[in-house]
Amino acid sequence: ISDKLPDEVVTCLQNARFLHLATCNNNRPHVSLMNYTYLPSHPGYSHLPSGPLIIMTSNPSSKKTINLLQNPNVSLLVHDWVSSRPPNVGTSGSDRERSPVGGRSSSLATVLMQMNSAAMSSISATINGEAAVLPAGTDEERWCKEQHLANNTFESNGMTEQRQDVFSTSPSQSRSGSTMGDGGRVSYIEDEDVRVVVVRIRDGRISDWKGGVKDFCLADAAPMT
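Numbering (full-length UniProt numbering) for the sequence shown: 1 to 225.
Written out as structure tokens, the structure is:
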């Protein structure tokens, strides 16, 4: 039991782009790929849990929101490894050399990709916690939206851009039928109907690439009000 998250979990949460959110209702599990924001602390809002928290946004009519309102217990999976897999032993030489789009990949590119994958592959963390959908229109909700938007805004080639909505927490198009070139920001963060979800971290398990596991538990795990 500790009063803070393990350093490797904090690093993973700060660097990963997405996490998997597992919810459940009536013994029917559901998994979503989510944009998120990790915050080690907050200014002390009454509707927010103490200690580190994770912010996400969700369409109010989505399956995950419905599940959360019925059952606030959630599990999160975050990792720092890449998902590319090497060719299996049953793949022919010609297939191994062929790229997904039909071209041939160079041996150097393959080696570099494998080296990069090995360097990045370190841990995965399963995090258990309690989620809450914040009341609409509150100071806490506005503050969390601001933090979430700032965390999902990047600079690329001197241009400021938001994460593309391919992995957003709402449909790929807004109600008007277009994201209007905003990278999905309007539909998954700034839409007035989007609900803010915060997760109080309770405990979890770290798994490394060698198969080792380590459990952790936060001392401040009082139920959310």
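Backbone N, C-alpha and C fix where the C-beta goes; we use that ideal spot for every residue, glycine too.
Of the residues the options, the one placed nearest residue i, counting alpha carbons only
i: Leu21; options: Lys145, Leu48, Gly129 and Asp3; result: Gly129
i: Pro49; options: Val9, Leu134, Gln70 and Thr153; result: Leu134
i: Met151; options: Val31, Asp3 and Ile54; result: Per the sequence shown, residue 151 should be read as Asn rather than Met. Checked all of Val31, Asp3 and Ile54; the closest Cα to Asn151 is Ile54.
i: His47; options: Val10, Thr126, Ser75 and Glu141; result: Glu141
i: Asn71; options: Asn35, Asp80 and Cys24; result: Cys24
i: Asp203; options: Asn73, Tyr36 and Thr65; result: Asn73
i: Ser207; options: Asp139, Trp81 and Ile1; result: Trp81
i: Met34; options: Leu19, Glu146 and Asp139; result: Leu19
Separation of residue j from residue i, as counted between CA atoms
i: Cys144; j: Arg17; result: 18 Å
i: Lys210; j: Ser122; result: 9 Å
i: Asp193; j: Asp3; result: 35 Å
i: Leu76; j: Tyr45; result: 24 Å
i: Ser32; j: Ala125; result: 16 Å
i: Leu5; j: Pro29; result: 26 Å
i: Thr11; j: Asn26; result: 34 Å
i: His79; j: Ala131; result: 20 Å
i: Glu8; j: Pro60; result: 33 Å
i: Ile201; j: Leu218; result: 7 Å
i: Leu69; j: Phe216; result: 26 Å
i: Lys214; j: His148; result: 29 Å
i: Tyr38; j: Val197; result: 12 Å
i: Tyr36; j: Ile1; result: 25 Å
DSSP bridge partner residues for residue i (one or two, in chain order)
i: Ile123; result: Asp208
Counted within 10 angstroms of its Cβ, other Cβ atoms place residue i as buried (16 or more) or exposed
i: Pro40; result: exposed
i: Pro52; result: buried
i: Gly137; result: exposed
i: Asn15; result: exposed
i: Leu13; result: buried
i: residue 228; result: Within the shown structure, residues of the chain are numbered from 1 to 225, placing residue 228 beyond reach of any answer.
i: Leu127; result: Strictly speaking, residue 127 in this sequence is Ile, with Leu absent from that position. Label assigned to Ile127: buried.
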